[in-house]
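J.: Residue numbers (mature numbering (1 follows the signal peptide of the UniProt record, and there is no 0)): -21 to -1, 1 to 319.
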Amino acid sequence: MHNLTITALLSFTTVALTACASPSHRPTTGLHTVPYQVTAKAGQDITNIILTKRSNHCVDYVGQYHAIAEDDRNHQHYTAYLTISTLGGKCVFTSNALPNHTYNDGKASLPNDVKPQYQVYQITQSPMVAAHTTPLSLRQDNAIFLNGVKVDVLAAGCYGVGDGRMGCNNMNQPWRYDPVYRLSMFATDSHHAHAQPDGTYHYHAAPNALFSEHGYAPSPVIGFAADGFPIFGSLIDDHGSIRPVTSSYQLRTGSRPGGAGNPGGQYDGRFRDDYIYMKNSGDLDECNGMTVHGVYGYYITATFPYILNCFKGTPDSSFNKKRPEHQRHQHPRPPQRRPW
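#1: Taking the alpha-carbon positions, what's the Val130 to Tyr195 distance?
#2: Answer with buried or exposed for Arg222, where buried requires no fewer than 16 other C-beta atoms within 10 angstroms of its C-beta.
#3: Taking 8 Å as the cut-off, decide whether the C-beta atoms of Pro294 and Ala205 are in contact.
#4: Going by other Cβ atoms of all chains shown within 10 Å of its Cβ, with 16 needed for buried, is Ala239 buried or exposed?
#5: DSSP puts Cys137 in a beta bridge; with which residues?
#6: Beta-carbon within less than 8 Å of Phe(-10)'s beta-carbon, same chain only, minus the 5 sequence neighbours each way: which residues are those?
#7: Measuring only the C-alpha atoms, how far is Gly202 from Ser116?
#8: Quick test of your reading: Asn79 and Ala48, contact by CB under 8 Å. State the CB separation rounded to the nearest angstrom.
#9: Report the CB separation of Ile286 from Ala59 in whole angstroms; it is logged as a contact under 8 Å.
#10: For Asn219 and Pro197, what's the separation of their Cα atoms in angstroms?
#11: By how many angstroms is the C-alpha of Ser74 removed from the C-alpha of Gly233?
#12: Quick one: grab the DSSP three-state call for Tyr40.
#13: Report the CB separation of Tyr156 from Ala172 in whole angstroms; it is logged as a contact under 8 Å.
#14: Nearest by alpha-carbon distance to Lys258: which of Ile215, Thr112, Ser227 is it?
#15: Can you give me the start and stop residues for the beta strand (DSSP E) that Gly268 sits inside?
#16: Within the same chain, show all residues whose beta-carbon is closer than 6 Å to that of Asp50, passing over the 5 residues directly before and after it, in chain order.
#17: Just to confirm before moving on: does the CB-CB distance between residue 336 and Asn187 stay below 8 Å?
#18: Around the Cβ of Asn267, are there at least 16 other Cβ atoms within 10 angstroms (buried) or fewer (exposed)?
#19: Among Thr282, Ser213, Gly248, Asn91, which has the Cα closest to the Cα of Gly276?
#20: Lys69 lies in the beta strand (DSSP E); which residues open and close that run?
#21: Does Ser296 come out as helix, strand or coil in the three-state DSSP assignment?
#22: Relative to the C-alpha of Ser296, which residue among Phe165, Ala76, Asp142, Gln119 is closest?
#23: Identify which residue in Gly141, Gly85, Ala174 has its Cα closest to the Cα of Arg52.
Here it is in structure tokens:
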């Protein structure tokens, strides 16, 4: 196994700037705005890496990385890349949005082909808990993992809106689908990920990569949320016992309301509204995070909300999406599946 012991790499390989498809995520003012493609591997190979570092400081991950991204169904191999640098008081993540592992390996082929992108995100080096939490939004990406792939938790599909696959841009609309529900209409691979119509690969839940779900030590940092707080894997040290962390969101009991605008049926996790936050019923707070030894962080959980459900700090504007979600985050329905 590789070991991600990262040092600052001061000598970067030259990256050729070339014309390519429009980037799926356009950087903020002051950052590079030219799409580019890697023409040479540089830095550390992180293919299928299992991370070990637990530092909550993004500057400790500065460096340049590459990996082999294998499209399982299409039998294609691509080079993934990620550069982490600093600018002012922020860490800057630049990647082509390809994963460091095999993808498109689920039971159903991904509806959209994964394509290289040009992504630049920046996070504060000194995150702070805000006076109020910030809810997740379709207009904003949620996090960036240490393989250069973003987290975009929410689906743009709700019950009763169109065909349920897209167009649900009102965040107050009830009965938003959970893309990783076991009988979901949204096809994802074994990493709970798929591509948007423009080919941008992104995670909706645990990446099933970057960390081991079984071990004798607490999980490493696997990425950073848009507010700068770290995201840890699923294992915690509970007074000397290593165990999976637990969410404080619980599945509601009974049946959903029926009638106009409501799906009816049993609460089974098909919709995000099937869950309710019950304080102290698990380890984590309403955002799926907690403070350990003075460090706040989000945690991967096996159950809803999987990664995070709100921001404890203030998200950086570089995570704002460049165009409305209904134009770029459609989740086509596999023809062999039905909503229920």
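Idealized CB from N, CA, C, for every residue including glycine.
T.: Here's the rundown:
#1: Rounded to whole angstroms, the separation of the alpha carbons of Tyr195 and Val130 is 27 Å.
#2: Burial call: exposed.
#3: The answer is yes: Cβ separation under 8 Å.
#4: So Ala239 counts as exposed.
#5: DSSP output for Cys137 lists Arg155 as bridge partner(s).
#6: Its pLDDT being 31, under 50, Phe(-10) is placed unreliably in this model, and the value from its coordinates should be taken loosely. Ala21, Gly22, Gln43, Thr62, listed in sequence order.
#7: Taking the Cα positions, Gly202 is about 19 Å away from Ser116.
#8: The pair is a contact, with the Cβ atoms about 7 Å apart (cut-off 8 Å).
#9: No, Ile286 and Ala59 are not in contact; Cβ-Cβ is about 20 Å, not under 8 Å.
#10: The identity of residue 219 in the sequence shown is Gly, whereas the question assumes Asn. The C-alpha of Gly219 lies about 10 Å from the C-alpha of Pro197.
#11: The straight-line gap from Cα to Cα measures roughly 45 Å.
#12: Under the three-state reduction of DSSP output, Tyr40 falls in the helix class.
#13: With 8 Å as the limit, Tyr156 and Ala172 do not qualify as a contact, their Cβ atoms being about 16 Å apart.
#14: Lys258 has its Cα closest to that of Ser227, out of Ile215, Thr112, Ser227.
#15: Looking at the DSSP string, the run of the beta strand (DSSP E) that includes Gly268 is 268 to 271.
#16: Asn83.
#17: Residue coverage of the chain in this structure runs from -21 to 319, which leaves residue 336 outside it and unanswerable.
#18: Under this definition Asn267 is a buried residue.
#19: The residue with the shortest Cα to Cα distance from Gly276 is Ser213.
#20: Per DSSP, Lys69 is one residue of the beta strand (DSSP E) stretching across 69 to 74.
#21: Ser296: helix per DSSP, three-state reduction.
#22: It is Gln119 whose Cα lies nearest to the Cα of Ser296.
#23: Among Gly141, Gly85, Ala174, the Cα nearest to that of Arg52 belongs to Gly85.
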